[in-house]
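Asker: In order, the protein sequence lines correspond to chains A and B.
Mind the numbering: the first sequence is residues 1 to 69 in the numbering used here, read in order.
Mind the numbering: the second sequence is residues 70 to 508 in the numbering used here, read in order.
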Amino acid sequence: MNVIDLLITIVVVTILVTIVLAVITYVAYKLRLARQPAGDAAAGDELRYFVKYEPSLPDAPTKDHAPET
Amino acid sequence: MSRLTRIVLSLLLVALMVVGTVAFIFWAIHASPRFQAILVRIVFVSLLIFLAILFARYFSLLWFAYLEHAERNVLEPRKQVHLPAISVIVPAYNEGAIIEETMESLARMDYPAYEVVVVDDGSTDDTLERAVSWQGRHGAADFRVLTRRNGGKATALNTGIAASHHPYVFCMDADSRLEARTLRRAMRMMLEDDSVGAVAGNVKVANRGKLITKLQALEYIEGLNMPRRAQGFIAAVNIVPGPVGLFRRQALEEMGGYDTDTFAEDADLTLKMVAAGWKVVYEDAAIAWTEAPERWLDLVQQRYRWTRGILQSLKKRKGLFLRPFPDFPLWLSVLEMAFEAIVWPILNVYAQLFFAIVALLFGAGELLLYWWILLTLLDLVAAFVTVSMEEESLSLVPFAFAYRFFFILFLDVVKMFAALDELFNLGMGWEKLRRVATT
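1. Output, in sequence order along the chain, the residues in the segment 11-30 of chain A whose CB is closer than 8 Å to any CB in chain B.
2. On the DSSP bridge list, what partners appear for B:Glu184?
3. Rounded to the nearest angstrom, what separates B:Val454 and B:Ala354 at their Cα positions?
4. Taking the DSSP output, what are the residues bridged to B:Asp189?
5. Between B:Ala176 and B:Trp347, what straight-line distance do the alpha-carbon atoms span, to the nearest angstrom?
6. Below 8 Å on the Cβ atoms is my guess for B:Val186 versus B:Gly220; work out the distance and round it to an integer in Å.
7. Since A:Leu7 meets chain B, which of its residues come closer than 7 Å, beta carbon to beta carbon?
8. Relative to chain A, which residues along the segment 86-120 of chain B have a C-beta separation below 9 Å, given in chain order?
9. Is A:Arg32 close to chain B, meaning its C-beta is less than 8 Å from at least one C-beta of that chain?
10. Please list the partners that B:Phe390 has in chain A, where partner means a Cβ-to-Cβ separation under 7 Å.
11. Output needed in chain order: residues of the segment 364-382 of chain B with a Cβ under 8 Å from some Cβ in chain A.
12. Could one say the Cβ of B:Trp441 lies closer than 8 Å to chain A's Cβ atoms, at least one of them?
13. Mind checking who B:Ala267 pairs with in its DSSP beta bridge?
14. Secondary structure at B:Leu175, three-state DSSP: helix, strand or coil?
15. Is B:Ala357 near B:Pro312, with beta carbons less than 8 Å apart?
16. I believe B:Glu248 touches B:Ala210 by the beta-carbon criterion, under 8 Å. Please report the beta-carbon distance rounded to the nearest angstrom.
17. How about the segment 203-218 of chain B and the segment 278-290 of chain B: do they share at least three Cβ pairs that are nearer than 8 Å?
18. Who are the near neighbours of B:Val456 in its chain, counting only those whose CB is closer than 8 Å to its CB and skipping five residues on each side?
19. Would you please verify whether the beta carbon of B:Gly434 is less than 8 Å from any beta carbon of chain A?
20. How is B:Gly205 classed by DSSP in three states: helix, strand or coil?
21. Quick check on DSSP: helix, strand or coil for B:Ile356?
22. Rounded to the nearest angstrom, what separates B:Phe390 and B:Val482 at their Cα positions?
23. Looking at C-alpha atoms only, which residue of B:Glu409, B:Ile107, B:Leu495, B:Ala487 is the closest neighbour of B:Leu123?
24. With a threshold of 8 Å between beta-carbons, can B:Val418 be considered close to chain A, or not?
25. Over what stretch of residues does the alpha helix (DSSP H) that includes B:Val418 continue unbroken?
26. Provide the residue(s) that pair with B:Arg246 in DSSP beta bridges, ordered along the chain.
27. Do A:Val12 and B:Ala425 have their CB atoms nearer than 8 Å?
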């Protein structure tokens with residue numbers, strides 16, 4: 001096989017392998033999506049908003065700088 | 070149409086494409102020599118047409134990008150102007166690994182007066198705690214933190230914009246790090262013309278330790294910033310990137326802020342503004358360093374979302390395609406956006422597949438090889454010019470081989486599937502990219 005044929009083979013194989021890899025990665029991405037639990041907002045998260053946040057700062061924060069909800 | 074029906078239809082379309090390809094191969098193998106010769110001629114002509122389109126695309130983008138670059142470098146130096154105060158909005162969701170570095174970069178801005186409003190979008194990690202530790206005055210900036218129930222990036226941005234005070238608003242991502250002069254340079258572009266509604270900045274990849282991120286670094290320079298630079302020459306940039314964008318509050322308020330019905334709220338808002346007559350320009354010195362995905366699955370996730378978001382934005386404004394006048398630059402910008410998002414990826418994937426199959430079957434490999442060499446040379450030249458214009462490291466240029474050889478085609482396949490999913494309106498979510506804080 002001469003250099004030109006080798007290069008042709010490399011180009012063709014790379015094109016085909018790239019397309020196949022991209023398809024596989026896309027399918028893997030879709031599978032990963034399908035495996036994630038539906039609804040990440042579990043009941044525990046809602047409780048977060050009923051707990052007053054106490055910042056661990058040396059000086060007590062003024063009202064203007066308190067986290068606003 | 071139910072979700073199941075849409076999924077089935079999209080799978081049927083994919084199956085049809087695969088079956089069509091296999092049928093074509095089968096037919097081509099068994100066709101008469103006369104038809105095979107015609108097929109090779111079709112390949113030859115198609116290669117030339119494809120190359121011509123590619124040359125036209127690269128030439129026009131490079132030419133306009135060069136004009137924009139030259140205009141800015143040969144004009145008289147701008148006079149010192151008074152720099153008005155800016156509100157910097159930082160929406161953050163589960164960015165605990167990197168939020169403090171972002172705050173540190175914001176505290177070091179070379180700008181006389183600005184406020185930073187961090188909007189915690191209902192994070193489930195320690196983002197809020199880390200951000201709150203930055204509340205108060207740091208240098209020239211006041212840092213404030215808001216927290217809200219999770220509602221998505223667009224809603225978080227709107228919350229921050231509503232809670233901020235200054236006439237100019239800078240929107241960024243929580244994983245971006247700004248250079249000290251970013252605000253200053255963006256504001257100078259904004260103040261040049263009262264009809265400028267937004268200034269798009271220059272996004273660069275910070276984490277360049279792996280091949281995948283080096284390729285993205287080159288892609289940002291050659292594939293994203295170059296078109297943005299070209300669009301900036303006609304003041305019709307079609308996407309103000311999420312990591313770095315300065316807005317006139319008046320323009321934002323006229324637009325009603327970010328819409329929440331797409332996954333590319335940055336593209337959506339920019340199109341809205343340009344369609345409303347505001348100029349959107351580009352400033353290459355307003356730099357934001359961002360963390361690019363380091364895993365291939367994460368990259369697919371990101372590009373899938375970008376493509377679908379852009380297509381959602383274009384669908385909302387499909388009437389613009391039929392109205393080249395009175396706003397011709399807008400029409401060009403929208404066409405270019407649609408071309409890059411959907412037409413070019415499909416064309417590229419099918420062209421390469423078609424050429425590879427015919428090369429394999431009929432020994433037209435030399436045609437393919439010379440064509441591919443020309444494409445690679447084109448990418449090398451484009452990489453060299455754009456990397457030089459951005460004063461980046463020339464060590465990125467040799468990656469144009471892998472960029473052309475593999476990266477572009479890989480992403481175009483993903484874009485093609487994203488376009489298909491958007492066509493059938495399949496569901497999607499935001500998902501969170503894994504932050505590794507490698508920089």
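Each residue gets a CB set at the ideal place from its N, CA and C atoms; glycine is no exception.
Answerer: Working from what's here:
1. Val11, Val12, Thr14, Ile15, Leu16, Thr18, Ile19, Leu21, Ala22, Val23, Thr25, Tyr26, Ala28, Tyr29
2. B:Ser156, B:Asp211
3. 17 Å
4. B:Ala161, B:Thr216
5. 31 Å
6. In fact, because the Cβ distance is near 16 Å, the residues do not count as touching under 8 Å.
7. Leu438
8. none
9. yes
10. The contacting residues do not exist; B:Phe390 stays about 28 Å from chain A at best.
11. Trp365, Leu366, Val369, Gln370, Tyr373
12. yes
13. B:Phe316, B:Val349
14. helix
15. yes
16. At roughly 15 Å, the Cβ-Cβ gap does not stay under 8 Å, so B:Glu248 and B:Ala210 are not in contact.
17. no
18. Leu287, Ile290, Glu291, Ser462, Leu463, Leu465, Val466
19. yes
20. strand
21. strand
22. 25 Å
23. B:Glu409
24. yes
25. 413-431
26. B:Trp358
27. yes
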